[in-house]
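**Student:** Here it is: the structure, laid out below.
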């Protein structure tokens, strides 16, 4: 059974499947396409009207998350059982797309919470920065490998303990790592460094990617803002990840800063959180 799944006229995956698994896989692909389209419509509405009812978005995002997670598990099972290399590559691509959609729902939920300025849902506990960075890096290292990027994590200090809401700090770290992956061409480096700076624990995500022009620097954390270079490099981005990441770090009484020598000279994002007493 030959197939090609299209989204906005572009192929997501294509190949040849035989047997009962074909219908399941194609159904999953159609679901993914529908959710992507719905997510894009929501983002467009947000761009047009920031007063859109965020409660509705939160409900939709939560409704998406459960079937998406189930879809991811189903795909992982199919990948484990598949012996044909070409079919397995298609399944892996579909799983990666599903993971991206799960990440998108998390972004929408975080956006809702940030815009409502609700602090009640934050739960702060003592957290080892090295441990949480390594955990997030391990969970996402495959995306660097798939793009042929050299990815490394280095802890320059031990016992870097901060008070953090762990899921939200993981969201920030994931956002920064995905940002570095998206805007760094294949064959280059991405490095994450954990350290201390006075009374602060720090995490720097350093890439050797497309860099940022001086005139764009002051807009980098603006909601929905994307540089022209970023739009050309990654057409799927929405321009909300860095805005949300800085909002989360501010709730932690910390800072998120960016530096870049210029176009095609790489970018460094550094978050600083107060050390726990």
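In the numbering used here, the protein residues as written are -7 to 269.
Where a beta carbon is used, it is the ideal one built from N, C-alpha and C, also for glycine.
1. Cutting at 7 Å between CB atoms, please list the residues of its own chain near residue 127, excluding the five before and the five after it.
2. What is the rounded straight-line gap between the Cα of residue 87 and the Cα of residue 139?
3. Give me, in chain order, the residues of the same chain whose beta-carbon lies closer than 6 Å to that of residue 142; leave out the 5 immediate sequence neighbours on both sides.
4. Applying the criterion that 16 or more other CB atoms from any shown protein chain within 10 Å of the CB defines a buried residue, is residue 146 buried or exposed?
5. Quick one: what does DSSP say residue 266 is sitting in, helix, strand or coil?
6. Ignore the nearest five residues each way along the sequence and tell me which others in residue 219's own chain have a CB closer than 6 Å to its CB.
7. When the Cβ atoms of the region 198 to 212 are set against those of the region 64 to 83, are three or more pairs found closer than 8 Å?
8. Is the beta carbon of residue 156 less than 8 Å from the beta carbon of residue 244?
9. What is the DSSP secondary structure of residue 196, counted as helix, strand or coil?
10. Applying the 10 Å Cβ sphere with the 16-neighbour rule, what's the burial state of residue 196?
11. Just how far apart, CA to CA, sit residue 168 and residue 74?
12. Have a look at the DSSP bridge pairing and note the partners of residue 142.
**Tutor:** Taking the structure as given:
1. none
2. 16 Å
3. 181
4. exposed
5. strand
6. 208
7. no
8. yes
9. Shown here, residue 196 sits in a strand according to DSSP, grouped into three states.
10. Per the 10 Å Cβ criterion, buried.
11. Each residue's Cα considered, the two are about 33 Å apart.
12. Looking at the DSSP output, residue 142 bridges to 181.
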